[in-house]
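Report on one structure; see the data block that follows.
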Amino acid sequence: MRKGFLHLILAAAALSLPVFAAQAQPRTLTLEQCREMAVDASRELDQAQTRLEMAHYDKRIARANYYPNISATGAYIHNNRNLSLLPEWISDPLLGAGTSAQSYYDATFQRLQQFLESYPQIASQLMSDPNFAAFMQALGATDLKTPINDIAQEVNDAFTIDISDIYVGAVTLVQPVFMGGKIVYSNQMAVLAEKLAASRYDMQYAETVVAVDQAYWQIVSIAAKKKLAESYNDLLAQLAHDVDIAVNAGVATQADALQIRVKANEAKMTLTKATNGLTLSKMLLCKQIGLPLDTEIELADEELDAVPIPQIAVEKDIEQVWADRPETRSLALAGEIFDRKAKVARADLFPKVALGASYMVSNPNMYHSFENNWRGGMFTVGVIVNVPLFHGFEAQQKTRKAYAEARLYRDQLAEAREMIQLQVTRDHKLWAEALDRLNMAESNLDSAEENLRAATVGYDAGVVDTDTVLGAQTAWLKAHSDYIDAGIELQVTASLLRQAEGNIPSNRE
């Protein structure tokens, strides 16, 4: 049916072999390989994967709120003054007690001396006694100030707490008992957020695959049209050769030859455009799959004589489509998340209960007369209850806002379902139209090839003019081009239909 086209393509490829023999062998890629490479090279998918990992860690963070919070605390404080337990009206006289006693004693001893001096006879008799003289000398040399002040200083120091350097250490434990449901709903939100991140990854994955499919089949289309242009050039070259012979024989005119040369120039321009378009399309695909733009690649389907008909899964129920589409899953999960967010906000209206325990030590030791040691500390156990009374109705407003956001996402979900239903219906009809167009293009191709064969035979027999042959060749070119377009359109439509029905499986584990 298309043997003539295939023979021409093979002939053109054989003629081009010496040119490419010296060049590096291009890298051959299949559609599946291109998909895998595009997934590995996609920065958007890397970001989606990172968001998924972050959501997983958020889930673990939320789960940690179920467990007790244990912490250790240490502190050091330096003070420039110590703490005295005695007031100044006691401390100041106490520290001056020795000085006061010494002054009182010296005044008394001085009065005693004055008394003796007022009775010289008695003083003379007493001083003649060595013991009395020694006694008076001892009384004069008595120091009461130093020992009394030392004792007073010791008493004052005993009532002074050394707080110049304070060291404190504590280990505390807090176990939530009832937080108004905030911990439970926060954990549910974290689980839903992880599923949401996974759904968004699936959505980005499907978009990446579809984009690669479109680029891949565009290259196949351009490559097929390039070969078609080469074959058409060969047909025109052969016809030009025959017309030149006919002109020399006087059975054709120069107008016929000029007409063919015009067609040949148009064909060469078409071939040049196809060659440039193929180069640019392969550069775009290289960018998508993470290869250097100047990499020589060749697609596995470039050499196919006919584009294969893709396999389409059995049409699914719309409910199943909604369940499989990552967009609807994302909106449904977002609505559930904001439902939980509203409950978290409402939890601020309820009392909160927690158990607390701690062990604390200090130096100076407050449990042992503020001595500078670490001997012994203190355990404490208690229950903490927090009852919110009034804060400007903040919790109520947060709750209402979260419920409003949940309604917003539910409305968007309903709208998205309607749009998906329209999209699936449209893509099914486009698929059916593309399949019918391919069948008609194949039928037209058979007719065009037979018409070209008959025109060529008639021209060789001299019963068909040049215009008829050119018309048959133009029809043959158009039929082949339509056949290529129909096959590529079928492949692209199939890829879009798989995306619309959620039939592109993600590589996420």
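Going by the numbering used here, the residue at position 220 of the sequence shown is 221; the numbering climbs one at a time, nothing skipped. From the three backbone atoms N, C-alpha and C, an ideal C-beta is built for every residue, glycine too.
Would you mind working out which of the options sits nearest residue i, comparing C-alpha positions?
i	options	result
methionine 519	Phe339, Lys264, Gly278 and Arg326	The structure shown does not extend to residue 519, since the chain is modelled only from 2 through 510, so no value can be given for it.
isoleucine 310	Gly488, Ala433 and His79	Gly488
tryptophan 90	Tyr206, Ala108 and Asn157	Asn157
arginine 52	Ile149, Glu372, Asp203 and Leu140	Asp203
valine 388	Lys353, Ser165 and Asn83	Lys353
proline 148	Gly459, Thr100, Leu46 and Gln26	Thr100
tyrosine 68	Gln424, Arg341, Ile184 and Ile78	Ile184
methionine 190	Ala343, Ala256 and Pro506	Ala343
methionine 379	Ala198, Lys317, Val386 and Tyr360	Tyr360
valine 192	Thr457, Ala449, Val464 and Glu54	Glu54
glutamine 34	Tyr484, Met441, Ile223 and Glu299	Glu299
leucine 345	Asn188, Ala333, Lys317 and Ala241	As written in the sequence, residue 345 is valine, which differs from the leucine given in the question. When only C-alpha atoms are compared, the closest one is Asn188.
proline 506	Pro27, Gln26 and Val40	Val40
threonine 29	Asn81, Glu267, Glu297 and Ile71	Glu297
leucine 174	Gly141, Ala268, Ser125 and Val384	Val384
Have a look at residue i and residue j and give me their C-alpha separation to the nearest angstrom.
i	j	result
serine 496	alanine 238	39 angstroms
valine 178	arginine 61	19 angstroms
serine 104	glycine 377	47 angstroms
arginine 499	lysine 227	29 angstroms
proline 88	leucine 95	11 angstroms
glycine 170	alanine 73	7 angstroms
alanine 355	glycine 181	11 angstroms
glutamine 122	alanine 135	19 angstroms
isoleucine 246	valine 308	39 angstroms
arginine 64	alanine 301	50 angstroms
valine 362	threonine 161	20 angstroms
aspartate 486	alanine 415	36 angstroms
valine 172	glycine 75	9 angstroms
methionine 38	serine 232	33 angstroms
leucine 431	leucine 439	12 angstroms
phenylalanine 371	asparagine 150	24 angstroms
alanine 455	isoleucine 313	39 angstroms
aspartate 461	alanine 433	42 angstroms
serine 43	alanine 256	57 angstroms
asparagine 234	methionine 270	10 angstroms
leucine 491	leucine 286	20 angstroms
alanine 265	glycine 291	39 angstroms
serine 129	alanine 98	36 angstroms
asparagine 132	alanine 108	23 angstroms
arginine 36	lysine 399	45 angstroms
phenylalanine 110	leucine 127	16 angstroms
arginine 411	aspartate 59	24 angstroms
Pull up the DSSP beta-bridge partners for residue i, would you.
i	result
glutamine 176	Leu356
glutamate 395	Glutamate 395 pairs with nothing; no bridge assigned.
tyrosine 58	Looking at the DSSP assignment, tyrosine 58 forms no beta bridge with any residue, so it has no partner.
histidine 79	Asp166
methionine 361	Ala171 and Met379
threonine 515	The question about residue 515 has no answer, for the chain in this structure spans 2 to 510.
serine 85	Thr161
asparagine 366	Glu372
Helix, strand or coil, according to DSSP, for residue i in the structure here?
i	result
asparagine 70	strand
valine 464	coil
threonine 254	coil
phenylalanine 371	coil
alanine 22	Note that alanine 22 has pLDDT 36, beneath the 50 cutoff, so the model's placement of it is unreliable and no number is given.
tyrosine 410	helix
isoleucine 313	coil
phenylalanine 136	helix
phenylalanine 160	coil
serine 444	helix
isoleucine 1	Nothing about residue 1 can be read from this structure; the chain reaches only from 2 to 510.
valine 213	helix
leucine 294	coil
isoleucine 385	strand
serine 507	coil
glutamate 299	strand
glycine 99	helix
alanine 307	coil
glycine 181	coil
tyrosine 186	helix
serine 43	coil
glutamate 502	coil
aspartate 318	coil
arginine 326	coil
On the premise that residue j lies in contact with residue i, defined as a C-beta separation below 8 angstroms, what is that separation, rounded to the nearest angstrom?
i	j	result
alanine 473	leucine 446	Contact flag wrong, Cβ pair sits at about 13 angstroms.
leucine 32	tyrosine 217	5 angstroms
threonine 467	isoleucine 261	7 angstroms
aspartate 349	alanine 396	4 angstroms
lysine 283	isoleucine 220	6 angstroms
Consider the Cβ of residue i: report whether some Cβ of chain C lies at a distance smaller than 9 angstroms.
i	result
asparagine 249	No chain C appears in this structure, which consists of one protein chain only.
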